[in-house]
Structures are given as C-alpha cells and as structure tokens.
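J.: Chains A and R supply the protein sequences, listed in that same order. Each residue of the first sequence is one higher than the one before, starting from 1 at the first, in the working numbering. Each residue of the second sequence is one higher than the one before, starting from 1001 at the first, in the working numbering. For every residue, glycine included, the Cβ atom is placed at its ideal position computed from N, Cα and C. If you're wondering where the values come from, they're calculated on a predicted model, not measured in any experiment.
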Amino acid sequence: MAVAVAAVALLGTLVAGCAPLPQRDSTLTLTDAPSPSESVAGDGSVNVGVLTDAVPVAPPTHLTFPAAGIDGDVDEYTAADAEADGGINPPRLDSISWYSGVEGALPGSDATNTVYLFGHTWTEPAVFNGLRDVAAGDEATVSTERGVMTYRVEEIITMSKSDFSEDPRVAAVVPGRLALVSCYRPGGLDAEAHAPDNIVVFLHLVGARPLAD
Amino acid sequence: MHTSKQSAARRGAGKLAAVAVAGSVLLALAGGASATAAEPEITGETSVTLAFSAPDTVRVSVITTNTSAVEAFGSASITGPDGRVYTFGPKSYDAGETWSYDKVLTGFTCADLGRVSGAAAGTDLPGDTAPDWTSGTVRSPDPRLTITGCDPAPPPPPVDPETPVDPAPVDPQTPAEPEAPVEPGVTAQPGVAAQSGAVAAPAVAPVANRLPASQTDGALVGTPWPTLGIAGVVGMLAVLLSAGLFQWARRN
C-alpha cells in the first residue's frame, strides 16, 4: 500500500511540477534609450542612426528571436483559417503563424502596417514559451524572400483574451511594427487551466538588409 | 544598424526621406558638389510619418536617402507640438544611402496634428550654413506626410449659399514656409507650427486592424497527451503494484 501511496504522490508531482514562471504585470514600456549604435544629441533626442536599405515587402518566412529562444519558419495563416478555427490557432506547438488577414501586414523597409505572428505557449515546449522572458531592447529578425528585417522590442503588454481583438494597442495600424502574440498565464504555466490572457510583444523595425542577388 | 553602403549605392538614385511624428522636421542634406556647375547636383527626398500607436504617444520616424550621385551630408530636427526641438546629424551619406531616425514623444494626441511641421535643407559641407537643397516645410497636409492611428477629419460643413463668401479666400493648403536656408542643427522657432492655424487632415490609413481572437493556448492543439501519458503510466504502475501487494498480503 505504501508503494501505491508513493506512486500517487509521484503522479501529483508530475502534474503540478511545472514551476510557475515569474509573473509579469501588464506594462507599457516604450524604449527611448540608445543602443550602442545610437547617439544622443544634446537635447536628449536619440539618433537611431539606422541605415535602412530598401527591402520590398513580402510574406515572412522565418523568425529568429534569441532572447525568447525562437528560431523557426513562419507559415501563413489566412482569415479563412481563422474563421474555420474560431480564432487564430496555429496548427502545432512549434508553428509560427503569420496572419495574412490584415491588409498590408507584410514585413519590409516600406511596410505600411503591423505584422502579426502567432505562436503557442504550453506546459510542454512550445514555440512562444519564451516570450514572457523578453525585455525592451531585445532584437529579433524576420526573413522574407526579399531580405532580412531587424526589429527591436519596445513594448510588452498583456490583456484578457476577450479584450485582445478590440485592444487599440494591438489593432493599431503602425508601419514597421511587428507583433508577436501568444497566450499568457499570469500565475505561470499550469496544465490544468487554460490561459486567461494574451501576451503581445511589440517590436519596431530598426534595420533592413536586402538579400544578395 | 548600419548595413553596407555598397548595397545602398547599387540602388542608383537615392532618396532623402524624412519621416516624423509630432513635430516639425527639419532636415538638412549637404552635398559636397554644388560649388560649380560641373559638379553633380545634390538632391534628396523627404517624407514624414506620424504614428500614433498608443494613447498619447506618437512616434517620429525620419528616413533620409541621398538621391544624388555623390557623397552628401544630412542633418534633421524635429519640433514637437510643444515647440521642443530635437536635432539629428549632420551625418555623412554615401550616394544612394539611407538613414532613418526615430523619436517617441508622449503626451500628444491626434489633436496635435496641425502643429506638426517639417523642413529640409542641404549644404555642400557639414559646416556650411547655406544649403544647396531644401525640402521646404513638411506639414499636414503634405504628400510626404503619412499619419496613422488617427481618425480621418470630418467632411467640411456644407456651404450656406446665403453666407457671404469671404472675398479673400484662404488657401486650404498650408502656405509653404519660406524656403529659408536651414543650417544643420539649427532649430526652428518653437511655436511656429502652432501659428499656422488649422489645416486639413491628410489621408490616413485605416484606424485599426480587425483581428480574430488569439487561440494560442497549447492546450487547444490536442497535445496534452505526453503529460497524461506519463501520468497514466504512473497510475497504471500504482494500480499494478497495489494489486500485487494485495495478492502478496492474501497469500501471507
């Protein structure tokens, strides 16, 4: 009987053994601090000093975000997919889904709108599990068949899932912005409960490099 | 991030484009070949974008490209609706090279659009005071100015035929500022933009994107099986062990 009790205890440990990650409050963090490549004028303004080569907009094909442990290919997720799924639900835990249902949501040096990439978080390895670990200033790159765009984290927010679609910060038309979206559990990863919130990491385009001919 | 100048030069004609949010943009592009007619002409392009991405927050992005065939020098400044001026440069530009500048300002809303203006000018050397090229003031409405995140301006009220017409109609287009040479780094006078009076709102992008719900909870993709599988194995093991213990206890 003691063995059975031990086994049950072990079972409980396995189920509840996901240590909660540090909670992150909903914050609005606008970066205005210079990076090593920037200079600050005497009046406090920031000279980003970014050379932006012309890279025509094109669908994203790959996302690399070292601070979040993300390095994976990007697949298109259409408005029809979202309608069929009742929302944007990437097909696999390792899927990075680019939502193409927003007009102009294409990365490039002349981007006219926000690019939205979605990925899962879960108690098991999932592609966007590391989003909660990023901070303002971290950089990510998005590749297309035309070039590579570099983005810098400027804002990390969370909101109730029910508010996601209507949140003006999320829905805003912002040229050169990248939004990485996933689910968020305020108390940490819990296999017994679905995530009540969404996390959105906003990045802004800081560089573009065309692919060599 | 400063990518290769060679790649920029390959693009041929360059552009000097200035994108600014919440303020006036003063951009100076200087090229070193204006002293004689035989020298290449120094040219550039300027555009201004005001991006209201969060409440009371506006991003000023200044993108500048040297459209001339020779090396040039450029500088820029941005004057916010409150009259504060932010300066950039002067900076060296290779032919066809593009530089962009960003500035995030807080405390301003779409109501401040009319007090946003910009200008560009150039000199042949970084320290020169007489520009070879200027963009003129960039202020709404201007095709070089793009504004996002603001509602379009309401249509003008219908004209009452009984209302006497002002014999001196005002040009709805904001009068161009005198193309006064702008020294790199020299700021515009605070409040100049605010004195320009009301201006028509420019064409704006859609106010908001329409997004479906985000169903990114990993539980939704039907992969709790590894966890349940481990739990199941452990549970089964516990049952078997319990049964074994029970049988052993009965035999003894």
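Am I right that Ala-208/A and Gly-147/A are in contact with their C-beta atoms under 8 Å? What's the rounded C-beta distance?
T.: In the first sequence, residue 208/A corresponds to position 208, counting from 1. In the first sequence, residue 147/A corresponds to position 147, counting from 1. With a Cβ gap of about 6 Å, Ala-208/A and Gly-147/A count as contacting.
J.: So, is Trp-1248/R buried or exposed, given that buried needs 16 or more other C-beta atoms within 10 angstroms?
T.: Numbered from 1 along the second sequence, position 248 holds the residue referred to as residue 1248/R. With fewer than 16 Cβ atoms within 10 Å of its Cβ, Trp-1248/R is classed as exposed.
J.: Return the first residue and the last residue of the beta strand (DSSP E) that Ala-105/A is part of.
T.: Numbered from 1 along the first sequence, position 105 holds the residue referred to as residue 105/A. Neither: Ala-105/A is in no beta strand (DSSP E) and is coded neither H nor E.
J.: Return the residues of the stretch 1040–1057 of chain R that lie within a Cβ-Cβ distance of less than 8 Å from chain A, sorted by chain order.
T.: Residues passing the 8 Å Cβ filter: Thr-1049, Ala-1051, Phe-1052, Ser-1053, Ala-1054, Pro-1055 and Thr-1057.
J.: Quick check on Val-1221/R: does DSSP put it in helix, strand or coil?
T.: Position 221 of the second sequence, counting from 1, holds the residue named residue 1221/R. Val-1221/R falls in the helix class under three-state DSSP.
J.: In or out: Thr-1106/R buried (at least 16 other Cβ within 10 Å) or exposed?
T.: As a position in the second sequence, residue 1106/R is number 106, starting the count at 1. Thr-1106/R comes out exposed.
J.: Consult DSSP for Arg-1250/R and reduce its assignment to one of helix, strand or coil.
T.: Stepping through the second sequence from its first residue, residue 1250/R is reached at position 250. It is helical.
J.: Using a Cβ-Cβ cutoff of less than 7 Å, which residues in the same chain neighbour Gly-176/A once the five nearest sequence positions on both sides are dropped?
T.: For the purposes of this step, residue 176/A is taken as the residue at position 176 of the first sequence. So the list reads Ala-111, His-204 and Leu-205, once near-sequence residues are dropped.
J.: Just to confirm my understanding: we take Arg-185/A, look at its own chain, exclude 5 residues before and 5 after, and list those with CB closer than 6 Å. What are they?
T.: The residue given as residue 185/A occupies position 185 in the first sequence. Here the set comprises Ala-195.
J.: If we count the other Cβ atoms within 10 Å of its Cβ and call it buried at 16 or more, is Glu-295/A buried or exposed?
T.: This structure gives no information on residue 295/A, because the portion of chain A shown stretches from 1 to 213.
J.: Quick check: the Cα distance between Thr-1046/R and Val-174/A, rounded to an integer number of angstroms?
T.: Locating residue 1046/R in the second sequence gives position 46, where the first residue counts as 1. Locating residue 174/A in the first sequence gives position 174, where the first residue counts as 1. Between Thr-1046/R and Val-174/A, the C-alpha separation is close to 19 Å.
J.: I need the DSSP call for Asp-94/A, collapsed to helix, strand or coil.
T.: For the purposes of this step, residue 94/A is taken as the residue at position 94 of the first sequence. Asp-94/A: coil per DSSP, three-state reduction.
J.: Take Thr-1109/R as the anchor and find which of Thr-1067/R, Asp-1217/R, Asn-1209/R and Val-1058/R has the nearest alpha-carbon.
T.: As a first step, residue 1109/R is located in the second sequence; it is residue number 109 there, counting from the start. The candidate whose alpha carbon is nearest that of Thr-1109/R is Val-1058/R.
J.: Do the CB positions of Thr-114/A and Ala-172/A come within less than 9 Å of each other?
T.: As a first step, residue 114/A is located in the first sequence; it is residue number 114 there, counting from the start. As a first step, residue 172/A is located in the first sequence; it is residue number 172 there, counting from the start. Against a cut-off of 9 Å, the Cβ pair of Ala-172/A and Thr-114/A comes out as a contact.
J.: Does the beta-carbon distance from Thr-1148/R to Thr-1064/R come in below 9 Å?
T.: On the second sequence, position 148 is the one that residue 1148/R refers to. On the second sequence, position 64 is the one that residue 1064/R refers to. No, the Cβ-Cβ distance between Thr-1148/R and Thr-1064/R is not below 9 Å.
J.: Please decide whether Gly-1218/R counts as near chain A, where near means a Cβ-Cβ distance under 9 Å.
T.: Translated into the one-based positions of the second sequence, residue 1218/R becomes position 218. Yes, contact with chain A.
J.: Could you check the C-alpha separation between Val-102/A and Leu-117/A for me, to the nearest Å?
T.: Counting from 1 along the first sequence, the entry for residue 102/A is found at position 102. Counting from 1 along the first sequence, the entry for residue 117/A is found at position 117. Straight-line Cα distance between these residues: approximately 11 Å.
J.: What number of angstroms, rounded off, separates the C-alpha of Gly-1044/R from the C-alpha of Ser-109/A?
T.: Residue mapping note: residue 1044/R aligns to position 44 of the second sequence, counting from 1. Residue mapping note: residue 109/A aligns to position 109 of the first sequence, counting from 1. Between Gly-1044/R and Ser-109/A, the C-alpha separation is close to 18 Å.
J.: Give a yes or no on whether the minimum CB-CB distance between Gly-1107/R and chain A is below 9 Å.
T.: For the purposes of this step, residue 1107/R is taken as residue 107 along the second sequence, with counting starting at 1. False, the Cβ-Cβ gap to chain A never drops below 9 Å.
J.: Give me whichever residues DSSP pairs with Phe-202/A in a beta bridge.
T.: Position 202 of the first sequence, counted from the start, is the residue given in the question as residue 202/A. Phe-202/A is bridged to Glu-155/A and Ala-179/A.
J.: Along the alpha helix (DSSP H) that carries Arg-1059/R, what are the first and last residues, could you check?
T.: Numbered from 1 along the second sequence, position 59 holds the residue referred to as residue 1059/R. Per DSSP, Arg-1059/R belongs to no alpha helix (DSSP H); it is in the beta strand (DSSP E), 1057–1066.
J.: So, for Trp-98/A: in the same chain, excluding its five sequence neighbours on each side, which residues have a beta-carbon less than 6 Å away from its beta-carbon?
T.: The residue you call residue 98/A lines up with position 98 of the first sequence. For Trp-98/A, where only same-chain residues beyond five positions count, the Cβ hits under 6 Å are Pro-60, Val-74, Glu-76 and Leu-117.
J.: Can you look up Val-1070/R in the DSSP assignment and give me helix, strand or coil?
T.: By one-based count along the second sequence, residue 1070/R stands at place 70. Three-state result, Val-1070/R: coil.
J.: Using CA coordinates, which residue listed in Ala-1054/R, Ala-1051/R and Ser-1068/R is at the minimum distance from Ile-1042/R?
T.: As a working note, residue 1042/R is residue 42 in the second sequence. Here the closest residue by C-alpha is Ser-1068/R.
J.: Who pairs with Ala-172/A in a beta bridge, going by DSSP?
T.: Numbered from 1 along the first sequence, position 172 holds the residue referred to as residue 172/A. Ala-1208/R, per the DSSP bridge assignment.
J.: Just checking my contact of Thr-141/A with Thr-150/A at CB under 8 Å: how many whole Å lie between their CB atoms?
T.: Locating residue 141/A in the first sequence gives position 141, where the first residue counts as 1. Locating residue 150/A in the first sequence gives position 150, where the first residue counts as 1. Correct: roughly 5 Å between the Cβ atoms.
J.: Could you give the DSSP three-state label for Arg-146/A: helix, strand or coil?
T.: Position 146 of the first sequence, counting from 1, holds the residue named residue 146/A. If DSSP states are grouped into helix, strand and coil, Arg-146/A belongs with coil.
J.: Report the three-state DSSP secondary structure of Leu-995/R (helix, strand or coil).
T.: Coverage of chain R is limited to positions 1001 through 1252, which leaves residue 995/R absent and any answer about it impossible.
J.: Going by C-alpha distance, which of Lys-1091/R, Ala-1219/R, Asn-1209/R and Arg-1250/R is nearest Ser-1053/R?
T.: Residue mapping note: residue 1053/R aligns to position 53 of the second sequence, counting from 1. Out of Lys-1091/R, Ala-1219/R, Asn-1209/R and Arg-1250/R, Asn-1209/R has the C-alpha closest to the C-alpha of Ser-1053/R.
J.: According to DSSP, which residues form a beta bridge with Ala-140/A?
T.: Numbered from its first residue, the first sequence carries residue 140/A at position 140. According to DSSP, which records beta bridges pairwise, Ala-140/A is partnered with Tyr-151/A.
J.: If the criterion is Cβ atoms closer than 9 Å, does the pair Val-201/A and Val-153/A meet it?
T.: Start at 1 with the first residue of the first sequence, and residue 201/A comes out as number 201. Start at 1 with the first residue of the first sequence, and residue 153/A comes out as number 153. In this structure, Val-153/A lies closer than 9 Å to Val-201/A by Cβ.
J.: Using the C-alpha atoms, what's the distance from Asp-94/A back to Gly-215/A?
T.: In this structure chain A extends from 1 to 213, so residue 215/A is not present and cannot be described.
J.: Mind checking if Phe-128/A is an interface residue toward chain R, Cβ cutoff 9 Å exclusive?
T.: Counting from one through the first sequence, the residue named residue 128/A turns up at place 128. Answer yes: the Cβ-Cβ gap between Phe-128/A and chain R drops below 9 Å somewhere.
J.: Helix, strand or coil: which one does DSSP assign to Asp-81/A?
T.: For the purposes of this step, residue 81/A is taken as residue 81 along the first sequence, with counting starting at 1. Helix.
J.: Could you check the C-alpha separation between Lys-1091/R and Thr-1146/R for me, to the nearest Å?
T.: The sequence position of residue 1091/R within the second sequence is 91, counting from 1. The sequence position of residue 1146/R within the second sequence is 146, counting from 1. If you take the alpha carbons of Lys-1091/R and Thr-1146/R, they lie about 24 Å apart.
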